[in-house]
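When we follow the UniProt record's numbering, the leftmost residue of the sequence shown carries the number 1, and every step to the right adds one. Reading through the structure tokens given below for one structure.
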Amino acid sequence: MRLLRFHCIWPLQNLEPCKLQHVQHQQQSSTAADTSTGTDADADRLPSHGRCEPHPPRDTARVQSHLHAAAVVRGGLFSPALFPPHDLRFRSSSSSYSYTTVSRASLSSSLLRLACRRRRISSRSCLCSPRRDVPSPRMLSTLPRLPIFEAVARHDPRSAAVVHSLSGRTFTYGELLADVSRARDRLLDARSGAGLDGERVAFLVENSYDYVVTLLACLAARAIAVPLSPAFPAPELQYILDHSEACLLVSSPRFTPKANEVLATGLASPPTHVELPKHAGGRAPEAVSLDDTDPAGAGLMLYTSGTTNRPDVLTAQSLSLIEAWNYTPADRLLHVLPLHHIHGTVNALLTPLLAGSSIEFMFPFNADAVWRRLAAPFLPATNGTANGTANGTITPPSTNGIVTNGNSSSSTSAAVTPSSQNGTTTTPLPPITFFTVVPTVYSRLLASHKHLPPAVQEAARDAVSPAHMRLAISGSAALPTPVKAAWRDLSRGTVLLERYGMTEVGMALSCGLDPADRVDASVGWPLPSVEARLVDVDTGDVIPEGQDVDPATGRERAGEIQLRGPTIFREYWRNPDATAKEFVTDTDTDKPGRDGSGRPWFKTGDVAVRRPVPSAGHNAAAQPWARGPMYFILGRRTADIIKTGGEKVSALEVERELLSLPEVAEAAVVAVPSGNWGQKVGAVVILDPDVVQKWTPLEMRRALKSRLAGYKIPQVMRVVDHIPRNAMGKINKKQLVKAIFADDVSGDEL
């Protein structure tokens, strides 16, 4: 059974009530089921210059009318809800026209034949000969009432939602939800009516508008979205598909070969493959309605840890960041991160979409390209070249009336003032106001800046200065203090904001927006809606605030960070034992810091200390959550806390001191097994060739003698050319120890 698909374009001012009937037609017109009583007299009801035109099938959701026109169905007013979605469009013949849309509508077969007869065309040619000159309709579809869809629907439809940096293609908020609806219907069609509520939908899509549409389409289908990294080898993707039990594998045309490669592996239950077409952009805004059906099956599953987050958790994470970091529609975020991690997906994608900001994709990261894009709005116009071309690397596109950074394209600011380029009008690129990346990105940008042409160097410094870049954030790994200081100097005063988070909890701690609150080596305070506490790693006792120093030893008390609140994940997928193991519930109130509420705390596995910072936390009027003692991360309990000779050493602290030495370009501090000491502090370093060609362990120890206590100074050191990191700049230290210190049985040599 198949619905006939068509659209009819009739002048609205001449549209009289027509007898319509909701019927289904067999694919073969000769055997079509027709219960209509339409006769030749119905032809007189059609406008004399009306015409029936074919329209390609468009799988959209439900139906409503934008206009005050009504048709009669068996003597009653037309009800959009009667018609499941295909396209029926009415257009006025006047120069100022509008559309009304009936999605997946079926007219009576007799009325269709009559309409075609008036134009002397056959019903078969009407159905099968698509027109290409008809503009896209303003179609009203239906999506579940998720906060992300409510927010997008409220944003200015002319405002840029997503921009492809290198091509300049721009996609507006006005077209986003309609594209999501169409993609959602493609996913549902692939299930042949089985639905997707709570099912896993994995996808391989490049960092682009297509990724945004695919992710949101999964949520719109009430499915659990499973983003895949195209960089993963086929066996790793096979594991994710098997473990998640994905029923669909969605790919963009670019990654269809990769999808086919994965599907050719020995999957336990191969998912159905769906290829979604690329979006060209430029559609007219299309209205989308939101229904109140339960979207509880929707969610996001990230395979950095196998966690599953439901929409309410994702929304809580985003709202917390909007309050803390003040995302607004005026922000333009340059996105250079991978999208299978929470940093790239929640912080840099879902949250700015919720706030109405513009996201500009430039992936994969290239330091030279990033600098030139940042500098582009601040380069002077010379020889008829528009400022913003970055020495020909980037050509700014015309905005065609699209609102950028909260301002219309008629703004007189340097960022959006059209300039002449070779006789044509172009629009210089808007400045980037928001940048959130990992420490490695800042290190590489610092290293490459000196190789830029002088004019680009100066323009780039302007671009990242406090006058133009509202917020620059570092996360996902510890930020070396020397990198933070170097960035402040290069940017003429921008202080990088550090924060703490993980896949299971989203963002949990953050420094404040006031530069005085961005204290070196600190990740700040618990974010709005997040509760945090420290639990002594040895005794299991909660460390009450204000009792952060051991009175017996005078040393700071280190504890595991434990968190709770609406931003915390729900579960590890199909692993209740692991979920239960990572949560602890207070059942007693006789110990300090335990409330007996029964609300579970998540054990992060990260160790920190709290300490008051007199110069910070004085902006309570603007950010009331940013006050009290600040958190300082010592590292992962299993990888960064080195137990040597009865002492505990923070690998991150030692790394910061190593990186402050001019001889060291990169460093990783690890726990090396030792027969005598249990563990010894080991250092893996990359030297700066401009400073030194050779460096011995003894020279290293002398350089650190005045900076660290003796037991913290590395006792073993290896100089290497490369330290492997993952996509987020993190180092697997257990693997590094095995690779670098494999022949050090005891680790007792200097």
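From the three backbone atoms N, C-alpha and C, an ideal C-beta is built for every residue, glycine too.
If you draw a straight line from the Cα of leucine 177 to the Cα of leucine 276, it comes to about 16 Å. Taking the Cβ atoms as the reference, leucine 143 lies roughly 15 Å from alanine 225, outside the contact range of under 8 Å.
The straight-line gap separating the alpha-carbon atoms of alanine 160 and threonine 172 is approximately 4 Å.
Look at arginine 444 here: in three-state DSSP terms it is helix. With a 10 Å radius around the Cβ and a threshold of 16 neighbouring Cβ atoms, proline 430 comes out buried. Looking at the DSSP output, asparagine 309 shares a beta bridge with Leu300. Collapsing the DSSP output to three states places proline 157 in coil.
Per DSSP, the unbroken alpha helix (DSSP H) holding lysine 733 starts and ends at 733-740.
Cβ contact annotation for valine 664 (same chain, cutoff 6 Å, sequence separation greater than five): Leu658, Val685, in chain order. With a 10 Å radius around the Cβ and a threshold of 16 neighbouring Cβ atoms, histidine 722 comes out exposed.
Per DSSP, reduced to three states, the secondary structure at serine 244 is helical. Around the beta carbon of serine 706, a 10 Å sphere encloses fewer than 16 other beta carbons of the protein chains shown; the residue is thus reported as exposed.
Boundaries for glutamine 693: no alpha helix (DSSP H) harbours it, and the DSSP string shows neither H nor E there. Annotation: the continuous beta strand (DSSP E) that includes leucine 204 extends over 200-204. Looking at Leu319, Met362, Arg637, the one whose alpha-carbon comes closest to that of proline 338 is Met362. Arginine 564 carries a strand assignment under DSSP once its states are collapsed to helix, strand and coil.
Taking a cut-off of 8 Å on C-beta distances, the stretch 311-322 touches the stretch 341-353, as three or more cross pairs fall below it. Selection Pro466, Ala202, Val438, Pro614 evaluated against tyrosine 500 yields Val438 as nearest (Cα-Cα). Here tyrosine 327 is near serine 357, since their CB atoms are less than 9 Å apart. Note on glycine 512: 16 or more other CB atoms within 10 angstroms of its CB, so buried under the neighbour-count rule. Beta-bridge analysis with DSSP links leucine 497 to Ile473.
Between glycine 174 and alanine 284, the C-beta spacing is below 9 Å. 9 Å or more divides the Cβ of alanine 231 from the Cβ of valine 201.
Under DSSP, alanine 532 shares a beta bridge with Leu563. The C-beta distance from leucine 146 to alanine 298 rounds to 7 Å, short enough to fall under 8 Å. If you draw a straight line from the Cα of aspartate 291 to the Cα of alanine 183, it is about 18 Å long. Residue pairing for lysine 603: DSSP places it in a beta bridge opposite Gln562. By the CB criterion at 9 Å, alanine 516 and glutamine 562 fall outside the cutoff.
Looking at the DSSP output, leucine 509 sits in a beta bridge with Tyr500, Pro526. Taking C-beta atoms as the reference points, arginine 557 and isoleucine 543 count as a pair closer than 9 Å. Annotated three-state conformation of threonine 256 is helix, per DSSP. For glutamine 679, DSSP records a beta bridge to Pro673. Per the coordinates, the alpha-carbon of lysine 734 lies some 12 Å from the alpha-carbon of glycine 682.
Selection Pro377, Glu666, Val669, Val613 evaluated against alanine 455 yields Pro377 as nearest (Cα-Cα).
Boundaries of the beta strand (DSSP E) around arginine 718: 716-719.
In this structure, leucine 249 and proline 271 form a Cβ contact; the two beta carbons are roughly 4 Å apart against a cut-off of 8 Å.
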